[in-house]
Amino acid sequence: MITRRWLMMVGLGLWVGSAVTVDAQETIKIGAPIAMSPPGSVAQGKEVRDGLTIAQEMLNKGGGVLGKKIEILYEDHQGIPEKGRAAVEKLITRDKVVAITGEHASSVTLADIDVAHRYNIPLVNTNAWSDAVRLKGYPQVFNRSNYNTRVAEAMADVIARMKVKNVVAFAENTDYGTGQAEAMKKALAKVAPDVKFTSRVLDRAAKDFTPAVLPLKADRPDMIVTIMIPPASYVLMNQLYENGIAPSKQTWLYDGAGVADYPEFWDNVKDAGVGLVSFGLYHPKVALTKLGKDVREAYMAKEKREPNRLIFQAADSLFLLADAMTRARSTEADAVIKALRDTRFEGVLGVITFDKEPGIYFQQWKNIPFVTYQLTAKGQQLPDTLLVQGPGIELAVDKLMRPAR
Amino acid sequence: MLVFEIVFTGLLMGIFYALMALGLTLIFGILKIVNFAHGELFMLGAYAYAVLVLRAGMAAVPALLSAVLLGALAGVVVERLLLRPLYTGQVGAGPLRDEYAIIVTFGLSLFLINLVHQLMGPYPLKGPDLTATSRIEVFGMFVSPHRLLASALGALTLGAVIWIIRGTVWGKRVQAVAQNRFGAAIVGIDHTRVSTLVLAMSGGIVALSGALLAPLFHAYPDVGAFPAVKSFVVVVLGGMGSIAGSIVGGLLLGVLENFGAIYLSYEYRDTFGFVILMLVLLLRPHGLFGERTREV
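As structure tokens, then:
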């Protein structure tokens, strides 16, 4: 009897002790595994970090969350899944973060979420597009990120409306790339079954895509879709242009990765970018919410340039966690996960809710806004591009300009 | 027409493969080690050219020459600080020497990638073309004039290196040290200076290829992984330490990769190089020209 009472007291003591430990923390620690060094997409990692920092500063300026400042602990995973897994393990077990966010590479995210699931730690996915992240059905994972099916359906709709008949997609050899090519094939089969769609997988580490491009000279498609992130996408675009394939009078070039709003795009693409049609997740002509305007203003004051979609996605990811903790009045995992599930939060682009339907929409912001625009002049900045589709803007493919040669 | 384009573009790429491999084979010839930081000197050349033209406003030709000088200087520093212990007996001989070479060049590679990443940031940088236009139309075929000009400069450099090695006194000294460092020292050749010269040449050559390819492959911290891997394949294919082997191996690899990628599968393009590498190691371990060079 005495032994049982002692055990109960010790257990109670440990429970209270752990609760006190959490409450006694001076800050709320959030883990952010991102690529900060090669071979991962460091450019993406930097944008995500900048977006998280803006949101962190805004939150802390407003008094923090639950009366505590937000502290973000970054870990560099170099875009390597094994390192991502180790980074999340370290953030959770050693640094005692209460949530994870910032992830931007599908292959790494697929590894990360296993760890978050095992430790029951909430994770807000910032930019991993692969549908497979949702298909795992982990209750801890919430997706502010865009998703492959959304892009594929949007692009298939544009392709159908443009009435092109022969489409070739170049997809990078990652979960994101091959996943989006597959999703596009399915989407086209639904809305434009007559379109001949071929996808080719390219190594994202390759430098010379000439052998992949050359055969297209003999059999020119009506459209080439790129599903690759930089720097490989830039190299491919230049080589398509140098070989006179696309963008050209005969062949449209359609970017499915949304790279045209990256800050270094024109430094790397030059003439090859003129005429490019792009899928995007933000355009300055699209109305922002009050929060969105504040984020934009804060970013522009700091960086002296227009924010791109990654800045907004990263900021939203942190705001979502802060909102869930505030509503849950706790940083305890189960309470935050429950609050995230019931999210109805006005983010930078609109009201974010998470779908409960199992499958690719599981805990996904389903109706994520998107845009379609075209770069019509060399060096053109995002505000000046030709917007042909967006929230409240009906798709107008007839406005798209075909290159003269 | 397609076959012509496959051979033509393969040869253009092959010239660069040869140029990249030439530096590696020169070092192997002299020091009998594989320089795992070779690709990072390519990266330095690419950055030097791109930064000097785009940010410092230098003209393209002086920027190319500066990139070569930077590569050569980096080669000299690497030889002085890291590789000299290999032949001064400071790190022992046999396996210990090989281990030292692997660790020190691998470490240098990682150091340079991360250093450049910190200094230059994560964004890729496209070097400016040597020509005003991005493409020209020749007989109904679009080609990049920069690629043509860069390949021509690459071919000229290959010729110049062959002339230096075969036709000059310094070249003879390099050949002598490559055959027998001890013997060369006995006949009065300063093998230390020869090693410095070879590292400088190697650094300059690979930096030049990086600079010439910066408009095509762009400059970013880990761009050197690709030339390093290709160089290893070419050097084994052509014969370790063989200059002629590097040139023939580079051209052969460029054309074979193109044919394989187009007629078999693009996805396995890089695999063809490794298949060739394995076949050569199995059937002719000294490579296509390995033996002949050792007999010179």
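Residue numbers (the numbering used here), protein chains in the order written: chain A, 1 to 405; chain B, 1001 to 1296.
For each residue, glycine too, the CB sits at the ideal point set by N, CA and C.
In this text the structure is predicted, and so the values were computed from the model without any measurement.
Just to confirm the assignment, what range does the alpha helix (DSSP H) spanning residue i have?
{"i": "residue 1246 of chain B", "result": "1243 to 1263"}
{"i": "residue 60 of chain A", "result": "42 to 61"}
{"i": "residue 1195 of chain B", "result": "1191 to 1217"}
{"i": "residue 303 of chain A", "result": "290 to 303"}
{"i": "residue 1228 of chain B", "result": "1225 to 1238"}
{"i": "residue 1099 of chain B", "result": "1095 to 1120"}
{"i": "residue 109 of chain A", "result": "106 to 119"}
{"i": "residue 1142 of chain B", "result": "First-last for residue 1142 of chain B: 1141 to 1143, but that is the beta strand (DSSP E), not the alpha helix (DSSP H)."}
{"i": "residue 368 of chain A", "result": "Counting along the chain, residue 368 of chain A falls outside any alpha helix (DSSP H), and DSSP gives it neither H nor E."}
{"i": "residue 245 of chain A", "result": "Per DSSP, residue 245 of chain A belongs to no alpha helix (DSSP H) and is neither H nor E."}
{"i": "residue 448 of chain A", "result": "It is not possible to answer for residue 448 of chain A, since the shown part of chain A is limited to 1 through 405."}
{"i": "residue 1276 of chain B", "result": "1269 to 1283"}
{"i": "residue 326 of chain A", "result": "309 to 328"}
With 16 as the cutoff for other CB atoms within 10 Å, does residue i come out buried or exposed?
{"i": "residue 1163 of chain B", "result": "exposed"}
{"i": "residue 1095 of chain B", "result": "exposed"}
{"i": "residue 239 of chain A", "result": "buried"}
{"i": "residue 1018 of chain B", "result": "buried"}
{"i": "residue 242 of chain A", "result": "buried"}
{"i": "residue 329 of chain A", "result": "exposed"}
{"i": "residue 1110 of chain B", "result": "exposed"}
{"i": "residue 201 of chain A", "result": "buried"}
{"i": "residue 367 of chain A", "result": "exposed"}
{"i": "residue 1273 of chain B", "result": "buried"}
{"i": "residue 26 of chain A", "result": "exposed"}
{"i": "residue 1102 of chain B", "result": "exposed"}
{"i": "residue 194 of chain A", "result": "exposed"}
{"i": "residue 1246 of chain B", "result": "buried"}
{"i": "residue 1004 of chain B", "result": "exposed"}
{"i": "residue 1232 of chain B", "result": "buried"}
{"i": "residue 319 of chain A", "result": "buried"}
{"i": "residue 1257 of chain B", "result": "buried"}
Would you mind giving the Cβ-Cβ distance between residue i and residue j, rounded to the nearest angstrom? I have them listed as a contact below 8 Å.
{"i": "residue 89 of chain A", "j": "residue 29 of chain A", "result": "In fact, because the Cβ distance is near 15 Å, the residues do not count as touching under 8 Å."}
{"i": "residue 336 of chain A", "j": "residue 312 of chain A", "result": "Contact flag wrong, Cβ pair sits at about 22 Å."}
{"i": "residue 277 of chain A", "j": "residue 372 of chain A", "result": "7 Å"}
{"i": "residue 35 of chain A", "j": "residue 79 of chain A", "result": "4 Å"}
{"i": "residue 174 of chain A", "j": "residue 106 of chain A", "result": "6 Å"}
{"i": "residue 1040 of chain B", "j": "residue 1199 of chain B", "result": "Contact flag wrong, Cβ pair sits at about 14 Å."}
{"i": "residue 1185 of chain B", "j": "residue 205 of chain A", "result": "At roughly 43 Å, the Cβ-Cβ gap does not stay under 8 Å, so residue 1185 of chain B and residue 205 of chain A are not in contact."}
{"i": "residue 1218 of chain B", "j": "residue 1112 of chain B", "result": "With a Cβ gap of about 17 Å, residue 1218 of chain B and residue 1112 of chain B do not count as contacting."}
For the beta strand (DSSP E) containing residue i, list its first residue and its last residue.
{"i": "residue 242 of chain A", "result": "Taken as a continuous stretch (DSSP letters only), residue 242 of chain A belongs to no beta strand (DSSP E), being part of the alpha helix (DSSP H) at 232 to 242."}
{"i": "residue 371 of chain A", "result": "371 to 374"}
{"i": "residue 1131 of chain B", "result": "From DSSP, residue 1131 of chain B is part of no beta strand (DSSP E); its letter is neither H nor E."}
{"i": "residue 1006 of chain B", "result": "Run containing residue 1006 of chain B: none in the beta strand (DSSP E); it sits in the alpha helix (DSSP H), 1002 to 1031."}
{"i": "residue 1138 of chain B", "result": "1136 to 1138"}
Reducing DSSP to helix, strand and coil, say where residue i ends up.
{"i": "residue 262 of chain A", "result": "coil"}
{"i": "residue 1179 of chain B", "result": "helix"}
{"i": "residue 92 of chain A", "result": "helix"}
{"i": "residue 278 of chain A", "result": "strand"}
{"i": "residue 125 of chain A", "result": "strand"}
{"i": "residue 21 of chain A", "result": "Low local confidence applies: a pLDDT of 43 at residue 21 of chain A is under 50, so the model's placement there is unreliable, with the coordinate-based value given in what follows. In the structure shown, residue 21 of chain A sits in a helix (DSSP, three-state: H, G or I)."}
{"i": "residue 397 of chain A", "result": "helix"}
{"i": "residue 252 of chain A", "result": "strand"}
{"i": "residue 377 of chain A", "result": "coil"}
{"i": "residue 222 of chain A", "result": "coil"}
{"i": "residue 343 of chain A", "result": "coil"}
{"i": "residue 143 of chain A", "result": "strand"}
{"i": "residue 27 of chain A", "result": "strand"}
{"i": "residue 84 of chain A", "result": "helix"}
{"i": "residue 33 of chain A", "result": "strand"}
{"i": "residue 75 of chain A", "result": "strand"}
{"i": "residue 385 of chain A", "result": "coil"}
{"i": "residue 68 of chain A", "result": "strand"}
{"i": "residue 100 of chain A", "result": "strand"}
{"i": "residue 390 of chain A", "result": "strand"}
{"i": "residue 229 of chain A", "result": "coil"}
{"i": "residue 351 of chain A", "result": "strand"}
Those runs of the beta strand (DSSP E) which lie wholly inside the stretch 157 to 220 of chain A and span at least 3 residues = 166 to 172, 196 to 202
Give, in chain order, every unbroken run of the alpha helix (DSSP H) that is at least 4 residues long and sits entirely within the stretch 1050 to 1093 of chain B.
-> 1060 to 1078
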